[in-house]
Every structure is written in C-alpha cells, then in structure tokens.
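Please read the structure below before turning to the comments.
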Amino acid sequence: MAEFSKTYQTEDNRRVVSLPWKPTASTLPTNMANAKKRFDSLQKRLQSNDVLKKEYERGMLNYIEQEHIEIISDASSHDPGMPSLNVTLEVGPNLLPETVECLLRFRTHEFSITRDGQQAFLQLSLRKKG
55 MAEFSKTYQT EDNRRVVSLP WKPTASTLPT NMANAKKRFD SLQKRLQSND VLKKEYERGM
115 LNYIEQEHIE IISDASSHDP GMPSLNVTLE VGPNLLPETV ECLLRFRTHE FSITRDGQQA
175 FLQLSLRKKG
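The number in the working numbering is simply the position in the sequence shown, starting from 1, with 54 added.
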C-alpha cells in the first residue's frame, strides 16, 4: 500500500496509478508474434461460429465506446524464455475474504445503499513505466 500511495495522483480529474513492478523487473519484450498468432486463432474460431462472433463484436464495441483502448486479456502469456507481465509485477493482498465479509455485513442492516462502480473504474488510468 505504501508504493500505491506514493504513485497515486490525480490528473485531469482522473486517478493515475502505477503498476506494482518488482524491483528486479526489466523492460518487457514485445510479444507481437505471439499476440498475432493468438489473434489469427481467434479470428478462425469466430469465423466458424456466427453467434460467438456477434457476441464478441458487441463486447469489443462496448470497450471502444467506453474508451477501453488497451485490453490485456492474458497477462501470463509470453514468448518462450521471456517473462510475462504477471512475472514482473508484485503480488497484492488477497481481498476476497474482505469482499465476502462486506457482502455478509450488507445483509444485516434494514437499509442498504448500493452503487454501480463501472464509471468510477473508467476514471482510473495506468501510468506508463518510465
């Protein structure tokens, strides 16, 4: 949490944070060839299933409309002998027990207030590693 507090800033009404890089993390190599191979495989799969293709297109259009530009769907992917994004990042605390406790406490009161956090999440930006 100390590292998060040190790197957290507000810029243009957006919260900007840094990824928790390990001190030993070097610059990640490009995995363009691996990504292209996976993309070609996905395209082939979508071409053979119209229902899946329509669902996928709808999801991607939603990402574009919400200005989600860079999507990393598999941070464990890497080329042979090269590190993955997961390997270069620190492991954070397990927040799942706190989530369960929060949900259980939520049920103990007569009135509850909820909020959709989706728009709040969209106000978060990642700082480029520098």
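Just so it is clear, CB atoms sit at the ideal spot from N, CA and C, and this is done for glycine as well.
No experiment lies behind these values; they were computed from the predicted model shown.
A residue is called buried when at least 16 other Cβ atoms come within 10 angstroms of its Cβ; T84 does not meet this threshold and is exposed. The residue from A89, I118, Y62 with its alpha-carbon nearest to that of S130 is A89.
Between E152 and E57, the CB-CB gap reaches or exceeds 9 Å.
Bridge partners of R68 according to DSSP: E65. Within the segment 91 to 124, the complete alpha helix (DSSP H) runs of at least 4 residues fall at 104 to 119.
When F165, M136, E164 are compared, the shortest CA-CA separation from S80 is found for M136. Around the Cβ of T142, a 10 Å sphere holds 16 or more other Cβ atoms; the residue is buried.
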